[in-house]
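Participant: Each residue of the sequence shown is one higher than the last, beginning at 0 in numbering that gives the first Met the number 0. Beta carbons: idealized from backbone N, C-alpha and C, even for Gly. Treat the numbers as computed from the prediction; the structure is a model and nothing was measured. Pasting a structure here, questions to come.
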Amino acid sequence: MKKITTALATFALAALTLTGTATAAPAPGTTEDAHIWLTVTRTAADRVTTTGNIWLDCPGQEGVGHPHRESACIDVDAANGDFDQLPGTQSAFCSNETVAVTATAHGTAEGRPFHWERTYESDCHLTLATGHVFDF
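See the structure below:
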């Protein structure tokens, strides 16, 4: 009986594939719809604070929003929407200036709402950890 059930299942799958009614599942971890509000706040030693904000929409429209949208979306996709897993970069422009940098992201990625926040000791450390995501 087990062989007959297996044979029927195999035949049904082959028939669906040949008729074109079977569809391939989307690739795991693809960021098809991410809508993320990014904020970077810099606090210098003299306590002067500056803040920048921008939307990151994936896939988004070319020329609208984030200046490095495509590479930032690729990074979010590579991390499966988990900002703690962003691939970052191996090199960054670094100075001797120490400015506390707090990066915040909230919105939806991979179909899930989230809120993420980390503070880095400089822009250099932020870039090394997050790549182009907070480069705006």
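#1: Are there 16 or more other CB atoms within 10 angstroms of the CB of H114, so buried, or fewer, so exposed?
#2: Do you know how far the Cα of Y119 is from the Cα of N95?
#3: Checking 8 Å against the spacing of the C-beta atoms, do T103 and T38 come in under that value?
#4: Going by beta carbon distance, what residues of the same chain come within less than 6 Å of T49, once the five residues before and after it are set aside?
#5: Within this structure, are the beta carbons of G80 and A33 separated by less than 8 Å?
#6: Taking C-beta to C-beta, are P66 and D74 nearer than 8 Å?
#7: Within 10 angstroms of its Cβ, does T126 collect 16 or more other Cβ (buried), or is it exposed?
#8: Where does the unbroken alpha helix (DSSP H) through A33 begin, and where does it stop?
#9: Could you say which of T101, F133, R111 and L55 lies nearest to A91 if we only look at CA atoms?
#10: Within 10 angstroms of its Cβ, does D83 collect 16 or more other Cβ (buried), or is it exposed?
#11: Identify whether F92 lies in helix, strand or coil by the three-state DSSP scheme.
#12: Would you please state the rounded distance, in angstroms, between the beta carbons of I35 and A108? I believe it to be under 8 Å.
Facilitator: Reading from the atomic positions:
#1: When all chains shown are included, H114 counts as exposed.
#2: Taking the straight line joining both Cα atoms gives about 14 Å.
#3: At a Cβ-Cβ threshold of 8 Å, T103 and T38 count as neighbours.
#4: In its chain, beyond the 5 residues on either side, R41 have a beta carbon closer than 6 Å to the beta carbon of T49.
#5: Judged by their CB atoms, G80 and A33 are nearer to each other than the 8 Å cut-off.
#6: Contact flag unset, no.
#7: Label assigned to T126: buried.
#8: No alpha helix (DSSP H) contains A33, which is instead part of the beta strand (DSSP E) from A33 to T42.
#9: Just measuring C-alpha positions, the residue of T101, F133, R111 and L55 sitting nearest A91 is F133.
#10: By the 10 Å Cβ count, D83 comes out exposed.
#11: The DSSP-derived three-state label of F92 is coil.
#12: Under the criterion of beta carbons closer than 8 Å, I35 and A108 qualify as touching, at roughly 6 Å.
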